[in-house]
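See below for the structure under consideration.
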Amino acid sequence: MNKVESTFRNMVLTLFIVTLVASSALGFVYALTKEPIEAARLAKRTRAITDVLPEYDNNPLSDSYKLAADGDTLYFYPGTMNGELVGTAVETFTTQGFSGEIKLMVGLLPDGTINDISVLEHKETPGLGDKMDKKKSDFSLQFQGKDPMDFTISVTQDGGDVQAITASTVSSRAFCDAVIRAYNAYMEGGKQ
Amino acid sequence: MEYIIIIISAVFVNNIVLAKFLGICPFFGVSNKVETAIGMTGAVTFVMVIATIVTYLIQHYVLEKFGIGFLQTIMFILVIASLVQMVEIILKKVSITLYQALGIFLPLITTNCAVLGVAILAVQNDYNLLESVVFSAANALGFGLALVTFSGIREQLDLLDLPKAMEGVPIAFVVAGLLAMAFMGFAGIV
Amino acid sequence: MTQWKNFTKGFFKENAVFVLFLGLCPTLGVTNSAINGMGMGLATTFVLVGSNLVVSLIRHWIPDKVRIPTFIVVIASFVTIVELSMQAYVPDLFDELGLFIPLIVVNCLILGRAEAFASRHNLVSAIVDGLGMGLGFTMALVLLGGVREILGAGSIFGLKFINGDGILLFVLAPGAFIALGYMIVLINKINKKSA
């Protein structure tokens, strides 16, 4: 099978050449795919923003700004129509999910009323906590059009107005935690 | 406190074998005797922890520094392959009996998805060096826990009278599923 | 062995998952739906064909002692190509498959075929072997993914046919093990009949 002996020189040479060829090929593919990957990432973000904001005609991503909150960062994506602010999408998070971190995109109207909420990332249990996703249940729809000043963002079990997901109080609480974080940050210093 | 959470999460809640499906091949290959299971766990722990440390250093001081993050897969697996070679050499000198007992499974640690998986996860979770060490050690512990528990069960399964078609691997899978179900009960601790 | 036999052995007689028990990690990890199973299977097939091809091409030039590290570099390169391509062109599938894409590199099926077949056969046979084993692997993943999706989510390839959830257990960890266990019994029976 092999016409090449396993001398030290041959071994090192083979490995060196193979690795060199491999790295070059990969560098080439990397350069090729760099832009599409960035574009896909941006498209995903933009989709999430469009989901939760009323119609806008600017580029919320290029107008975005961020604020530090609770050891991490919140990202604000303002949407404007003809130069006037129509809403701000806030990328928020909570660490209190049942299975870890949950990321939400909360769309707020200029006065702080919630327009809509989309789930960006979560690891909650399928069939239970994952019902926070619009595709699985109407849980997140109850937030639409609500002003946190009148509609207390905490589950009814804690005295609030939010109907928790059955058997998923922890996930529901975490969801509220993320929404409150976005709202507070926006009202206290986010408005720009 | 953070470390306790990492440990409990890795050993029980997100058990590397029963919840994350990594390390399945040795799980079914080495688990019919408790002693080999323990030996395998020791070897995997050693490789896993050192691999995580080395890959952490490479990720932060080479890959990210020079913007060649796409070479992560290649570099990580080469590190692991070399480490396993070293472990083989060391074991041959230190404990020839364990070396022979592990047999083919020792070089197979290289293709143990658990080792590479944990190295990648540690980077993805953005742990610092100490957290990475704790994370990898805890995962190795979780691997050992699943492996040793399972081998104990398998030793008993071998004594049972089963339908011919279910003997061996199929019943092992079904039992593993039940074990995974049991471990699901740990969810929510952290 | 004829090329036809070479190609078809990967589907039943020497099926990677049900008979050889190789590549079990992704098999259990991404078969919560038929689409994910298919995506992973095809990605693995690409890597398998690519690595078999290269290994067979350079088999006479690799010193025996370094063949495993060499195979690994070749395989890892193809995996990285798949990683980057999927991230760029099918980002949603890439997110679904997650950690298991880079883990294709330690799929014992690929290293196993490189060592047992590609390094000892000519180019055409190696490619055919890669295709057959890879597609057989894909078939296994789609089958398992399909079963789990039908039972667990009441849908197939994303098309739902019941309201709400199915037997959730099947799209979770335990269900993977149990479903696979019973599928192996089934395949064993099929193989015995045609033996």
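Chains as they are written, first to last, in the working numbering: chain A, 1 to 192; chain B, 1 to 190; chain C, 1 to 195. Here a beta-carbon is modelled for each residue, glycine too, at the ideal position from N, C-alpha and C. Predicted model, so just to flag it, every value in this text is computed and none were measured.
Query raised in the report: Could you give the distance in angstroms between the alpha-carbon of Ala114(B) and the alpha-carbon of Gly189(A)?
Result: 45 Å
Query raised in the report: Based on the DSSP secondary-structure assignment, which residues constitute the bridge partners of Glu121(A)?
Result: Lys103(A)
Query raised in the report: What residues from chain B crowd round Asn188(C), counting only those whose CB sits closer than 7 Å?
Result: Ala165
**Report entry** Straight-line gap, Gly37(C) to Asp92(C) (C-alpha atoms, nearest Å)
**Finding:** 14 Å
Query raised in the report: What residues from chain B crowd round Leu26(A), counting only those whose CB sits closer than 8 Å?
Result: Phe70, Leu71 and Ile74
Query raised in the report: Would Ile72(C) pass as a contact of Ala81(B) if the rule is Cβ separation under 9 Å?
Result: yes
Query raised in the report: In chain A, which residues lie with their C-beta within 9 Å of the C-beta of Ala187(B)?
Result: Phe98, Ser99 and Thr125
Query raised in the report: chain B partners of Ser23(A), CB-CB under 9 Å?
Result: Ile68, Leu71 and Ile74
Query raised in the report: Taking the alpha helix (DSSP H) that Asp218(A) falls in, what are its first and last residues?
Result: In the structure as shown, chain A begins at 1 and stops at 192. Residue 218(A) is therefore absent and cannot be evaluated.
Requested in this report: Could you tell me which residues DSSP pairs with Leu81(A) in its beta bridges?
Outcome: Note on residue identity: the sequence assigns Met, not Leu, to residue 81(A). The partner list for Met81(A) (beta bridge, DSSP) reads Glu84(A).
Query raised in the report: Leaving out the 5 sequence neighbours to the left and right, which residues in its chain are closer than 8 Å to Leu57(C) when beta-carbon positions are compared?
Result: Leu123
**Report entry** Per-residue DSSP class, three states only, for Thr111(B)
**Finding:** coil
**Report entry** Supposed close pair Gly39(B), Ala140(B) - CB separation, criterion 8 Å
**Finding:** Rounded, the Cβ-Cβ distance is 13 Å, inconsistent with contact.
Query raised in the report: Cβ of Phe21(C) less than 9 Å from any chain B Cβ?
Result: yes
Requested in this report: Mind listing the chain A neighbours of Tyr182(C)? Cutoff is C-beta to C-beta under 9 Å, in chain order.
Outcome: By Cβ distance, chain A contributes nothing, its closest Cβ being about 21 Å from Tyr182(C), past 9 Å.
Query raised in the report: How do the segment 76-91 of chain C and the segment 11-29 of chain C stand: do at least 3 beta-carbon pairs fall below 8 Å, yes or no?
Result: no
Query raised in the report: What alpha helix (DSSP H) runs, 4 residues minimum, are completely inside the segment 103-146 of chain C?
Result: 108-116
Requested in this report: List the residues that DSSP assigns as beta-bridge partners of Tyr65(A).
Outcome: Phe76(A)
Query raised in the report: How many Å lie between Tyr232(A) and Asn82(A) at the Cα?
Result: Residue 232(A) lies beyond the residue range present for chain A, which begins at 1 and ends at 192; the question has no answer from this structure.
Report task. Ignore the nearest five residues each way along the sequence and tell me which others in Ile6(B)'s own chain have a CB closer than 7 Å to its CB. Result -> Glu131, Val134, Phe135 and Ala138
**Report entry** Rounded Cβ spacing between Ala40(A) and Ala88(C) (contact assumed at less than 8 Å)
**Finding:** 6 Å
Requested in this report: Establish whether the CB of Lys54(A) and some CB of chain C are separated by less than 9 Å.
Outcome: It should be pointed out that residue 54(A) corresponds to Pro in this sequence rather than to Lys. No - not a single Cβ of chain C is within 9 Å of the one on Pro54(A).
Query raised in the report: Just checking, does the segment 140-158 of chain A make contact with the segment 102-121 of chain A on the three C-beta pairs under 8 Å criterion?
Result: yes
Query raised in the report: Just reading off the alpha helix (DSSP H) that Glu88(B) is part of, what are its end residues?
Result: Gln72 to Val94
Query raised in the report: When you compare only the Cα positions, how much space is there between Met1(A) and Glu64(B)?
Result: Below a pLDDT of 50, predicted positions are generally treated as unreliable, and Met1(A), at 47, falls in that range; no measurement from the model is reported.
Query raised in the report: Closer than 9 Å, CB to CB, is Ile37(A) near chain C or not?
Result: yes
Query raised in the report: From the beta carbon of Val17(B), is the nearest beta carbon of chain A less than 9 Å away?
Result: no
**Report entry** Contact check, Ile74(B) vs Ser23(A), beta carbons under 9 Å
**Finding:** yes
Report task. State yes or no: is the C-beta of Cys171(B) within less than 9 Å of the C-beta of Leu159(B)? Result -> Here residue 171(B) turns out to be Ile, not Cys, going by the sequence shown. Result no, Cβ atoms of Ile171(B) and Leu159(B) do not sit closer than 9 Å.
Report task. Using a cut-off of 7 Å between C-beta atoms, extract the partners of Tyr30(A) located in chain B. Result -> Phe70
Requested in this report: Would you please verify whether the beta carbon of Val13(B) is less than 9 Å from any beta carbon of chain A?
Outcome: yes
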